[in-house]
Amino acid sequence: MSRWENFSAERGRLSSTWGAGDLLGAMQGVLTIDAIHEDGLLANVRERGAQLRRRLEDAIADGDVPGAVEVRGRGLMLAVEFDTKERRDAVLETAFRRGP
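With the working numbering applied, the sequence shown covers 970 to 1069.
This is the structure we're talking about:
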């Protein structure tokens, strides 16, 4: 959001992907990047991702997740591979039933 005078009189300028530029979109990007750096979001993602990976790998090693084979991914974007589609689907169904 911005004051009307900050917008170009050129019709369709805000929908331009390149060429004319988009001051509002650029500022949103800059402020987002600043927040990521200032709030230490990447370091937090690395720490929480490592913690989640350890807990998943420990649960698999302890046999708490039947059919789980491997944890892979990066940061908080992790996936668990299962030995069969049926076991995977059973885990998903249980997770959906339990909810957040």
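Where is the CB? At the ideal position from N, CA and C, for every residue including glycine.
Residue pairing for valine 1040: DSSP places it in a beta bridge opposite Val1049. Exposure of alanine 1048 is indicated by the presence of fewer than 16 other C-beta atoms within 10 angstroms of its C-beta. About 16 Å separates the Cβ atoms of threonine 1053 and glycine 1032, ruling out a contact at the 8 Å cut-off. Between the stretch 1011 to 1025 and the stretch 1040 to 1047, the count of C-beta pairs closer than 8 Å reaches three or more; the two stretches touch. DSSP, read as helix, strand or coil, puts valine 1034 in coil. Between leucine 1025 and valine 1040 a beta carbon distance of about 5 Å is seen, short of the 8 Å cut, so the two are scored as contacting.
Taking the C-beta atoms as reference points, arginine 1057 is found nearer than 8 Å to phenylalanine 1051.
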